[in-house]
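**Q** One structure, as structure tokens, below. Some questions next.
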Amino acid sequence: MNKTRGRPRGNPATKAHIVEAARGLFLERGYRGTTVRAVAAAAGVDSALISYHFGSKQGLFGESVTLPCGESLALSTALAGERAGLPERLLIAVTDAWDHSEPLQIPHRMALQDENVMDVFREYLERELLGGIAEFLGGPDATERATAAVGVIAGLIFIRYLNPLPPAAGLTDADVHRVFGPPLRTALFGRTRHTPAARR
90 MNKTRGRPRG NPATKAHIVE AARGLFLERG YRGTTVRAVA AAAGVDSALI
140 SYHFGSKQGL FGESVTLPCG ESLALSTALA GERAGLPERL LIAVTDAWDH
190 SEPLQIPHRM ALQDENVMDV FREYLERELL GGIAEFLGGP DATERATAAV
240 GVIAGLIFIR YLNPLPPAAG LTDADVHRVF GPPLRTALFG RTRHTPAARR
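Take 90 as the starting number for the sequence shown in our numbering and just add one per residue.
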């Protein structure tokens, strides 16, 4: 089968075909074991089309398994700034994608019942998000702090989107930052130690 070369075109049928090929590979091989090159080969297209339609492997994963984590946890954006703003950037990435994404092919709650989808989602959180945060933080306890941060983020996704609790589902974006920002900052950077003021 000839592959598409040159300038990629935004053909919806081609995009759907890529998603179908990617879904099968992700569920069979997992997130880490699936490469963009392998998806392109399975779909019979040039890998440039995947970058054109989905931006990255993260974006392709998010669409192919019907969870918008590829966009909501876009590390290329969230990890591109200075350290102090990391908690806010991560929360913005989550709320932007999960609150304002287009309707999914499979409802969030149905995804919870699909063990294959959840296996891939867990692998994504571990390999991509946790690993990316740990690398960003650096230091001997980076993995531990990244694990705590992913716990906060995954908890937010679960109780606000996948299996909504009314108090969490009813929060505005500003409320999400107010409620989840402090624990996420603590997970990432630890508690700020205040030196007691000297007595006069």
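No residue lacks a Cβ here, since even glycine has one placed at the ideal position from N, Cα and C.
The alpha helix (DSSP H) spanning residue 250 covers which residue range?
**A** That residue, residue 250, is in no alpha helix (DSSP H); it is neither H nor E in DSSP.
**Q** Along the alpha helix (DSSP H) that carries residue 123, what are the first and last residues, could you check?
**A** Counting along the chain, residue 123 falls outside any alpha helix (DSSP H), and DSSP gives it neither H nor E.
**Q** Could you spell out where the alpha helix (DSSP H) holding residue 140 opens and where it closes?
**A** 136-143
**Q** Any idea what DSSP makes of residue 177, helix, strand or coil?
**A** In the three-state reduction of the DSSP assignment, residue 177 falls in the helix class, which pools H, G and I.
**Q** Secondary structure at residue 255, three-state DSSP: helix, strand or coil?
**A** helix
**Q** For residue 260, which three-state DSSP category applies?
**A** coil
**Q** If you follow the alpha helix (DSSP H) that residue 208 is in, where does it begin and where does it stop?
**A** 204-213
**Q** May I ask which residues mark the beginning and end of the alpha helix (DSSP H) holding residue 226?
**A** 220-226
**Q** I need the DSSP call for residue 287, collapsed to helix, strand or coil.
**A** Note that residue 287 scores 42 on pLDDT, short of 50, meaning its location in the model is unreliable and no value can be drawn from it.
**Q** Apart from the five residues just before and just after residue 209, which ones in its own chain have a Cβ nearer than 7 Å to its Cβ?
**A** 115, 116, 119, 120 and 154
**Q** Whose CA, out of 168, 139, 258 and 219, lies closest to the CA of residue 236?
**A** 219
**Q** Helix, strand or coil for residue 195? Go by DSSP, reduced to three states.
**A** Below a pLDDT of 50, predicted positions are generally treated as unreliable, and residue 195, at 44, falls in that range; the measurement from the model is reported next regardless. Of the three classes helix, strand and coil, the one that applies to residue 195 here is coil, per DSSP.
**Q** Can you tell me whether residue 171 is helix, strand or coil according to DSSP?
**A** Coil.
**Q** At the level of alpha carbons, what is the spacing between residue 217 and residue 260?
**A** 27 Å
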